[in-house]
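As C-alpha cells, the structure follows; a few thoughts come after it.
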DNA sequence: GCTACATTGTGCTCGCGCGCGCAATCACAG
DNA sequence: CTGTGATTGCGCGCGCGAGCACAATGTAGC
C-alpha cells in the first residue's frame, strides 16, 4: 500500500479535482471514468489506475460519486486546509498575481509581499503592504509559510529562492526564467510562457529553414 | 533521419536555448554537456542524446561552440523569425501579458488584442487597441497569426479556442483553467498556477490525513 | 431473490524515454 | 607527425508509466 506513487500521477490529480468541481457545479451526482476521460482527454484506464493508488472510490456498474471523490482527492492532495503564501517580486507580474482571483477559492492566500525596490516597499495593494526583502527572515519567523511564489527577474531569482528555502519554504512556484537549484526536500514548479511558446513553434513552423 | 522525435525532447530544447543565451551573455565560447547539465539539472547524456536527434554539433575533446549551438537550436525550433500573436481576454491577466517584456526579445509580438466586454473594447494599452471578439475572423483574415494566447474565464475559453482554430491559429497558449479540446493539428499548452500549487501541497502536507 | 448489465479495480504486456558505457573523434603538446 | 587526454555520438539495456483485457463487484429490473 505504501507504494511509490509517480509524480505524473500526482500532477494529474488536481486536473481531476478541477473537472469534478465543474461536474458538481453542474449538479451531477455520479460520473464514470469514461466520461471523465473524454472531458479531460485521457483514457478511462488512466484515471482508474491513478485513483487505485489511493483506494477504491468507485462503485461497479455506476461509477464515482462526484462529491465523494472530490472530497477524497482534496484530502489526498492536502487541500482541506488553507495554505498561506508569500510572494516575492512586486513588478507588473507580481501585481497581477496579487490581484488574481483564482487562488483564494482554492485555499491559497497570499499573506505577505516582498520586493527589493525602495520605491515599491511600503506601497499597498489589495490590503497587503509590500515589505523589504531584507525583512523576510524576521517576518517568516513570526508568521511562517511553507509555500512561496517567485516573480523576480532572472538575475536575482536564485538568491531569492535560496533565501526562501533557508527560511522554511518547502514549495515554490517560480515565474523567473531560470532553472533554479533547490535541496531535494523542496518542491519547485516553473511557469514560463516563453518556453511554452518556443516549443510549439517547432511543430507549426514551415519547412523554410532548409539547412538539413 | 526522419526519426520520430519525442515531445519531451522538443520541450527541453527551449531550456537549452535559454541557458546558452545566458552563457553567450557571459562571454563563454564553448561549453560541454557536463557543465550545461549541471546548470540545468539534467544529465549530460540526456543533453547529448537530445541534440543527436538533429545533428552533430559538438567537437570531441572540447564541447559545443555556444554561439553555433544556439543558432542551430533556434533554427530547429523556428525561432529565427518573428512570430505574431493574438491575445484574447483583456482582464487583469491579459493586461499583464500585454505588458510583459519577456516576449518581444524572443521574437513573440502581440499584434492584436480582443475582448468581449463592450467597456473594454476600444481602450488602448501599450499601443494596441482592444477589438471586439466579433471582429476576430475579419481581422485575422487581413493579418493572419498562427499563434494565440487565451486569457479569458474558463466558461468562455472553449468557445474562444474553437473560434481561433477556425480562423487558422495553429498553436495556443491557454491560461484558462480548462482542459480544452483542439484538433490534432493544433498545439496547445496550458498554464495554470493553481494546478501547480495543488500538486505541490501533496508533498509538503503533514501526515494529518492518513493516506500513504 | 435472482438475473442481466454496467463499470470498476488490477495483473500484465508493451513501448518508450533515460542513462550507461564505450568506440570514435578532435585538440593540443612535443 | 605521433601520442595523450578529453568529450562527443550513440547502441543497448533497463525501468517505468500507459493502456488492454478480464475478473470482481455493485446496480437495477422483474
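Protein chains in written order, with the numbering used here: chain S, 1 to 212; chain E, 1001 to 1212.
C-beta atoms are modelled at their ideal positions from N, C-alpha and C, and glycine is treated no differently.
All of these numbers come straight from a predicted model, not from anything done at the bench.
Backbone CA spacing between residue i and residue j [nearest angstrom]
{"i": "residue 1053 of chain E", "j": "residue 1070 of chain E", "result": "16 angstroms"}
{"i": "residue 1212 of chain E", "j": "residue 1018 of chain E", "result": "Bear in mind that a pLDDT of 34 at residue 1212 of chain E, under 50, signals an unreliable position, so the number given afterwards is only what the model happens to contain. Using only the alpha carbons, I get a separation of about 38 angstroms."}
{"i": "residue 160 of chain S", "j": "residue 81 of chain S", "result": "27 angstroms"}
{"i": "residue 37 of chain S", "j": "residue 1059 of chain E", "result": "47 angstroms"}
{"i": "residue 1186 of chain E", "j": "residue 1041 of chain E", "result": "30 angstroms"}
{"i": "residue 1031 of chain E", "j": "residue 1123 of chain E", "result": "48 angstroms"}
{"i": "residue 1209 of chain E", "j": "residue 1199 of chain E", "result": "Unreliable positioning characterises residue 1209 of chain E in this predicted model, as indicated by a pLDDT of 43, which lies under 50. The coordinate reading is nonetheless provided below. Straight-line Cα distance between these residues: approximately 16 angstroms."}
{"i": "residue 1024 of chain E", "j": "residue 1111 of chain E", "result": "29 angstroms"}
{"i": "residue 1 of chain S", "j": "residue 50 of chain S", "result": "Low per-residue confidence applies at residue 1 of chain S: pLDDT is 43, beneath 50, and the placement is therefore not dependable, though the value from the model is reported in the following sentence. If you take the alpha carbons of residue 1 of chain S and residue 50 of chain S, they lie about 14 angstroms apart."}
{"i": "residue 157 of chain S", "j": "residue 108 of chain S", "result": "22 angstroms"}
{"i": "residue 118 of chain S", "j": "residue 141 of chain S", "result": "22 angstroms"}
{"i": "residue 1100 of chain E", "j": "residue 1086 of chain E", "result": "14 angstroms"}
{"i": "residue 1104 of chain E", "j": "residue 1147 of chain E", "result": "14 angstroms"}
{"i": "residue 132 of chain S", "j": "residue 1120 of chain E", "result": "35 angstroms"}
{"i": "residue 1045 of chain E", "j": "residue 1012 of chain E", "result": "13 angstroms"}
{"i": "residue 1063 of chain E", "j": "residue 1173 of chain E", "result": "35 angstroms"}
{"i": "residue 1129 of chain E", "j": "residue 29 of chain S", "result": "45 angstroms"}
{"i": "residue 1143 of chain E", "j": "residue 1184 of chain E", "result": "24 angstroms"}
{"i": "residue 197 of chain S", "j": "residue 1197 of chain E", "result": "22 angstroms"}
{"i": "residue 127 of chain S", "j": "residue 94 of chain S", "result": "14 angstroms"}
{"i": "residue 1061 of chain E", "j": "residue 35 of chain S", "result": "55 angstroms"}
Proximity to residue i [Cα-Cα], best of the options
{"i": "residue 214 of chain S", "options": "E:1027, E:1102 and E:1072", "result": "There is simply no residue 214 of chain S to check, as chain S begins at 1 and stops at 212 in what is shown."}
{"i": "residue 27 of chain S", "options": "S:65, S:161, S:78 and S:107", "result": "S:65"}
{"i": "residue 1007 of chain E", "options": "E:1204, E:1188 and E:1201", "result": "E:1188"}
{"i": "residue 21 of chain S", "options": "S:73, S:4, S:38 and S:160", "result": "S:73"}
{"i": "residue 155 of chain S", "options": "S:163, S:177 and S:142", "result": "S:177"}
{"i": "residue 1016 of chain E", "options": "E:1119, E:1039 and E:1163", "result": "E:1039"}
{"i": "residue 98 of chain S", "options": "S:125, S:143 and S:197", "result": "S:125"}
{"i": "residue 1163 of chain E", "options": "E:1116, E:1043 and E:1045", "result": "E:1116"}
{"i": "residue 55 of chain S", "options": "S:61, S:76 and S:35", "result": "S:76"}
is_contact[residue i, chain E] using C-beta, thresh 7 angstroms
{"i": "residue 6 of chain S", "result": "no"}
{"i": "residue 209 of chain S", "result": "Here residue 209 of chain S scores only 43 on pLDDT, less than 50, and its place in the model should not be relied on; the value that follows carries that caveat. Yes, residue 209 of chain S lies at the interface with chain E (some Cβ there is under 7 angstroms from its Cβ)."}
{"i": "residue 114 of chain S", "result": "no"}
{"i": "residue 77 of chain S", "result": "yes"}
{"i": "residue 11 of chain S", "result": "yes"}
{"i": "residue 106 of chain S", "result": "yes"}
{"i": "residue 197 of chain S", "result": "yes"}
{"i": "residue 122 of chain S", "result": "no"}
Proximity of residue i and residue j at Cβ, strictly below 7 angstroms
{"i": "residue 1033 of chain E", "j": "residue 1047 of chain E", "result": "yes"}
{"i": "residue 1145 of chain E", "j": "residue 1084 of chain E", "result": "yes"}
{"i": "residue 1090 of chain E", "j": "residue 1113 of chain E", "result": "yes"}
{"i": "residue 1195 of chain E", "j": "residue 193 of chain S", "result": "no"}
{"i": "residue 204 of chain S", "j": "residue 1171 of chain E", "result": "yes"}
{"i": "residue 1078 of chain E", "j": "residue 57 of chain S", "result": "no"}
{"i": "residue 96 of chain S", "j": "residue 1106 of chain E", "result": "no"}
{"i": "residue 1088 of chain E", "j": "residue 1152 of chain E", "result": "yes"}
{"i": "residue 1191 of chain E", "j": "residue 5 of chain S", "result": "no"}
Chain S contact for residue i (CB, 7 angstroms cutoff)
{"i": "residue 1203 of chain E", "result": "yes"}
{"i": "residue 997 of chain E", "result": "In the structure as shown, chain E starts at 1001 and stops at 1212, and residue 997 of chain E therefore has no counterpart that could be examined."}
{"i": "residue 1170 of chain E", "result": "yes"}
{"i": "residue 1155 of chain E", "result": "no"}
{"i": "residue 1187 of chain E", "result": "yes"}
{"i": "residue 1200 of chain E", "result": "yes"}
{"i": "residue 1047 of chain E", "result": "no"}
{"i": "residue 1057 of chain E", "result": "no"}
{"i": "residue 1082 of chain E", "result": "no"}
{"i": "residue 1194 of chain E", "result": "yes"}
{"i": "residue 1014 of chain E", "result": "yes"}
{"i": "residue 1037 of chain E", "result": "no"}
{"i": "residue 1176 of chain E", "result": "no"}
{"i": "residue 1025 of chain E", "result": "no"}
{"i": "residue 1179 of chain E", "result": "yes"}
{"i": "residue 1041 of chain E", "result": "yes"}
{"i": "residue 1158 of chain E", "result": "no"}
{"i": "residue 1138 of chain E", "result": "no"}
### Task
State whether the stretch 1161–1176 of chain E contacts the stretch 1129–1137 of chain E, with contact taken as three or more CB pairs (one from each stretch) at a distance under 8 angstroms.
yes
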